[in-house]
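Participant:
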Amino acid sequence: MNGLLRYLRRNLSLVVGSGLLLFLVAFVVIGHFVVDVEDARALSVRPLQPPSWRYPFGTDRQGRDLLAVMVAGTPLTLQIGFIAGILGVAIGTVLAFVAAYYRGWADTIIRGIADIGLTVPGLLVLIIIAVGIRGGLSVNQMALVVASLAWLNPTRTIRAQVLSLRERGYVEIARMSGMSGPAIIVLELMPNLLPYLAATLVNAVSSAILASIGLEVLGLGPIDAPTLGMTLYWVNFNAAMINGWWWWWLAPTVIIVLVFLGLFFVTVGLDEYANPRLRRSA
Amino acid sequence: MLAILKRCGVFVVIVWLAASLNFFLPKLSGQDPVRTKLLQQAQLGGYVQQGIDEMVKIYEVRFGLDRPLWQQYLSYLGDVVRGDFNFSIANYPRTVWDMISESIPWTVGLLGMTTLLSFVIGTILGALLAWPRAPRWMAWLMPPLWALHAIPFFLLGLILMYLLAFQVQWLPIFGGYSMGAVPSLSIAFALDIIRHATLPALSIILVATGGWALGMRGMMVTTMGEDYVVFAEGKGLKSLTIFSRYCLRNAILPQITALALALGQILSGAVLVEVIFGYPGIGTLLFQAIRENDHFLIQGIVFTVIVSLGLATLILDLVYPLLDPRITYRRT
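As structure tokens, then:
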């Protein structure tokens, strides 16, 4: 415990990042007790009220209480990010291990797809996919759409890590003592990659949230869910900026910024933990 | 030579994949854009929806949607090769290519400027941040750069828009040029364009610069630890020489690789910036196309963008050996 505290004092990014994310979690949890989440639906309160004691975040044009929208929408946005991010890293890890450990044609194909896929603007491909799905998307479908490209980056970066690990002495020894390929991957390589995988995961969650908000702002999101991105879509749809309804875009903007800052600092912190070599330069 | 051919082959594969993706994904959806559009118009005009089935048939023949799938696919590939993306469904009889070519200069101008500026500023800044003899105050730039870097372009755009265009009204809030201004080759119109582009550009540059600075700083730290830099210091070379010829030149190489990889992300972000600012580029056109369910236009835009980015990466890859003599396409 003491050691952990001492480490955290050195790794400020991790503290700041987790702090921000915990703050958001607290906001959502306490919010669910204090606010009636039903008010996140349209037509439940008086429209276009600026922030007041009754509606601390104001209300939007369709009569949603924006505080309730934030309380209900923040977890939805995070849900999309985590589902897509976890799927992406899981698929990416499997592909990366197959590619980097076994090399050969599997490596050529997997690396080729990942390399080509990464140069393509992801949002545009996601747009084609989302446009192609009949009817409106649900929150979970949204997560799957985003996940369809979320494995590219993890595959590429984890593959590079595995490539460098597999030449290490202890892997060589395990191989010579007759350990099977899958056993080496699970028992020798995985444990050493865990902190790195964690950093990759946080990164993937962050990109997934970014992609989902992008789709939502373009109007391809779950149209009746109060996610943060959909709120921004309505902001744009109703020209809230030009009409001077500043509170409408302020709340989602601040929360999205906090989400991204939190995830970013956690990644930096985990990176520092995973690559002790970076410590000297910091 | 072989490697160059291989690299060009990858480009051809990207083009083909983009075209196929474009063709097959929307087909899977089972949406019927012709019928949707006709129903919309029938409702607008208050007509009875009689004879709409016949009209759908006629339009399907006109758009070639009645033929078997593989025929449509082959003729689509043929069209794509000839640069013909068909007519826009929502804005018939305008062609997709016509609409795209109108908005491309806007996006190329905005993206080209912002990417170049943020890359150059970010790289120099990052190099200085790692350089021990740089001015002290530069260290204070790090935290804001980090924080900005984590924010999506368009969110910063919203904030800047509120502060600079809505509150103090220094800059226009919307569009690519003033309403009523006649596009011409005059200085006044050019200034008008620049004024409108400033806010979208600023929201991209402020965010992107941080990323380049962070990457460059990391590379500089690694490079400065190399033996040849220590040796150069030992020789008593001027600090500026070491900085520019020994460190900068070596550290910048991974930045260029990163640039090739980041182009797609930058473009994805810029699409949203355009939408937020109503800037008349590809992003806004795409937004409009999505709203109108105009899938020929969406396909055309996605294809054009993927191909242009593929081309940009290809050029960067081919230029790379010129910058780094250690890598050559001749030997391998």
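Listed in order, the protein sequences are those of chains A and B.
According to this note's numbering, the residues represented by the first sequence are 4 to 285, in order.
According to this note's numbering, the residues represented by the second sequence are 522 to 853, in order.
For each residue, glycine too, the CB sits at the ideal point set by N, CA and C.
When you compare the CB of residue 261 of chain A with every CB in chain B, is at least one pair closer than 8 Å?
Facilitator: The sequence position of residue 261 of chain A within the first sequence is 258, counting from 1. No, because no Cβ of chain B sits closer than 8 Å to the Cβ of residue 261 of chain A.
Participant: Can you check whether the CB of residue 162 of chain A is closer than 8 Å to the CB of residue 114 of chain A?
Facilitator: Along the first sequence, one-based indexing puts residue 114 of chain A at 111. Along the first sequence, one-based indexing puts residue 162 of chain A at 159. Against a cut-off of 8 Å, the Cβ pair of residue 162 of chain A and residue 114 of chain A comes out as a contact.
Participant: Between residue 730 of chain B and residue 666 of chain B, which are expected to be in contact by the criterion C-beta below 8 Å, what is the C-beta distance as a whole number of angstroms?
Facilitator: As a first step, residue 730 of chain B is located in the second sequence; it is residue number 209 there, counting from the start. As a first step, residue 666 of chain B is located in the second sequence; it is residue number 145 there, counting from the start. So it is a contact: roughly 7 Å between Cβ atoms.
Participant: With 9 Å as the C-beta to C-beta threshold (strictly closer), list the residues of the segment 772-798 of chain B near chain A in chain order.
Facilitator: Listed in sequence order: 781, 782, 784, 785, 786, 787, 788, 789, 790, 792, 793, 796, 797.
Participant: Hey, how far is the Cα of residue 203 of chain A from the Cα of residue 91 of chain A?
Facilitator: Against the first sequence, residue 203 of chain A aligns to sequence position 200. Against the first sequence, residue 91 of chain A aligns to sequence position 88. Roughly 10 Å separates the two Cα atoms.
Participant: If you measure from the beta carbon of residue 54 of chain A to each beta carbon in chain B, is any gap under 8 Å?
Facilitator: Taking the first residue of the first sequence as 1, we reach residue 54 of chain A at position 51. No - not a single Cβ of chain B is within 8 Å of the one on residue 54 of chain A.
Participant: Would a check of beta-carbon distances place residue 823 of chain B closer than 8 Å to chain A?
Facilitator: The sequence position of residue 823 of chain B within the second sequence is 302, counting from 1. Judged by the 8 Å Cβ criterion, residue 823 of chain B is in contact with chain A.
Participant: Could you name the residues of chain A that residue 877 of chain B contacts, counting a contact when the two beta carbons are closer than 8 Å?
Facilitator: What is shown of chain B runs 522 to 853, which leaves residue 877 of chain B out entirely.
Participant: Listing by chain order, which chain A residues have their CB less than 7 Å from the CB of residue 880 of chain B?
Facilitator: Only positions 522 to 853 of chain B appear in the structure, and residue 880 of chain B is not among them; the question remains open.
Participant: Label residue 26 of chain A either buried or exposed according to how many other C-beta atoms from any shown protein chain fall within 10 Å of its C-beta, with 16 as the threshold for buried.
Facilitator: Stepping through the first sequence from its first residue, residue 26 of chain A is reached at position 23. The residue in question, residue 26 of chain A, is exposed, as its Cβ has fewer than 16 Cβ neighbours within 10 Å.
Participant: Do the segment 32-45 of chain A and the segment 11-23 of chain A make contact, defined as three or more Cβ pairs closer than 8 Å?
Facilitator: Segments in contact, no.
Participant: Check this for me: beta carbons of residue 199 of chain A and residue 219 of chain A, under 8 Å apart or not?
Facilitator: For the purposes of this step, residue 199 of chain A is identified with residue 196 of the first sequence, where counting begins at 1. For the purposes of this step, residue 219 of chain A is identified with residue 216 of the first sequence, where counting begins at 1. No. Outside cutoff.
Participant: Compute the distance between the beta-carbons of residue 225 of chain A and residue 140 of chain A, then report whether it is under 8 Å.
Facilitator: For the purposes of this step, residue 225 of chain A is taken as residue 222 along the first sequence, with counting starting at 1. For the purposes of this step, residue 140 of chain A is taken as residue 137 along the first sequence, with counting starting at 1. Result yes, Cβ atoms of residue 225 of chain A and residue 140 of chain A sit closer than 8 Å.
Participant: If we call anything under 8 Å between Cβ atoms a contact, is residue 471 of chain B one with residue 532 of chain B?
Facilitator: The first residue shown for chain B is 522 and the last is 853, placing residue 471 of chain B beyond what the model contains.
Participant: Ends of the alpha helix (DSSP H) at residue 583 of chain B?
Facilitator: Taking the first residue of the second sequence as position 1, residue 583 of chain B is located at position 62. From DSSP, the alpha helix (DSSP H) with residue 583 of chain B extends over 573-584.
Participant: Look up residue 68 of chain A in the DSSP assignment and say whether it is helix, strand or coil.
Facilitator: By 1-based counting over the first sequence, the position of residue 68 of chain A is 65. In the structure shown, residue 68 of chain A sits in a strand (DSSP, three-state: E or B).
Participant: How about residue 142 of chain A and residue 216 of chain A: are their beta carbons less than 8 Å apart?
Facilitator: Your numbering for residue 142 of chain A matches position 139 in the first sequence. Your numbering for residue 216 of chain A matches position 213 in the first sequence. Going by C-beta atoms, residue 142 of chain A is not nearer than 8 Å to residue 216 of chain A.
Participant: With a Cβ-Cβ cutoff of 8 Å, do residue 779 of chain B and residue 650 of chain B count as a contact?
Facilitator: Position 258 of the second sequence, counting from 1, holds the residue named residue 779 of chain B. Position 129 of the second sequence, counting from 1, holds the residue named residue 650 of chain B. No; because the gap between Cβ atoms is not below 8 Å, this pair is not in contact.
Participant: Starting from residue 687 of chain B, find everything on chain A with Cβ-Cβ shorter than 9 Å and list it in chain order.
Facilitator: Along the second sequence, one-based indexing puts residue 687 of chain B at 166. The contacting residues are 244, 245, 247, 249.
Participant: Would you say residue 834 of chain B reaches chain A, if we count a Cβ-Cβ gap shorter than 8 Å as a contact?
Facilitator: Position 313 of the second sequence, counting from 1, holds the residue named residue 834 of chain B. Cβ-Cβ to chain A under 8 Å: yes for residue 834 of chain B.
Participant: Please classify residue 167 of chain A as buried or exposed, where buried requires at least 16 neighbouring CB atoms within 10 angstroms.
Facilitator: Against the first sequence, residue 167 of chain A aligns to sequence position 164. Its Cβ having fewer than 16 others within 10 Å, residue 167 of chain A is exposed.
Participant: Pull up the CB-CB distance for residue 631 of chain B and residue 721 of chain B, whole angstroms please, since I reckon it's below 8 Å.
Facilitator: Counted from its first residue, the second sequence places residue 631 of chain B at position 110. Counted from its first residue, the second sequence places residue 721 of chain B at position 200. Confirmed, about 6 Å.
Participant: Could one say the Cβ of residue 239 of chain A lies closer than 8 Å to chain B's Cβ atoms, at least one of them?
Facilitator: Locating residue 239 of chain A in the first sequence gives position 236, where the first residue counts as 1. Closer than 8 Å: yes.
Participant: Residues in the same chain with beta-carbon distance under 7 Å from residue 282 of chain A, minus the five sequence neighbours each way, listed in chain order, please.
Facilitator: Counted from its first residue, the first sequence places residue 282 of chain A at position 279. Interpretation of residue 282 of chain A is limited by its pLDDT of 49, a score under 50 that renders its predicted location unreliable; the figure taken from the coordinates is listed afterwards. The answer, listed in chain order, is 275.
Participant: Among B:804, B:596, B:664, B:643, which residue has its Cα nearest to the Cα of residue 726 of chain B?
Facilitator: Counting from one through the second sequence, the residue named residue 726 of chain B turns up at place 205. The option with the nearest alpha carbon to residue 726 of chain B is B:643.
Participant: For residue 798 of chain B, which three-state DSSP category applies?
Facilitator: Reading the second sequence from its first residue, position 277 is the one you call residue 798 of chain B. Here residue 798 of chain B sits in helix by DSSP.
Participant: Looking at the secondary structure, which residues open and close the alpha helix (DSSP H) in which residue 214 of chain A lies?
Facilitator: One-based indexing of the first sequence puts residue 214 of chain A at position 211. Here the alpha helix (DSSP H) through residue 214 of chain A covers 193-220.
Participant: So, using beta-carbon positions, are residue 767 of chain B and residue 753 of chain B closer together than 8 Å?
Facilitator: What you label residue 767 of chain B is simply residue 246 of the second sequence in a count that begins at 1. What you label residue 753 of chain B is simply residue 232 of the second sequence in a count that begins at 1. Contact flag set, yes.
Participant: Does the Cβ-Cβ distance between residue 804 of chain B and residue 636 of chain B come in under 8 Å?
Facilitator: Here residue 804 of chain B refers to the residue found at position 283 of the second sequence. Here residue 636 of chain B refers to the residue found at position 115 of the second sequence. No.
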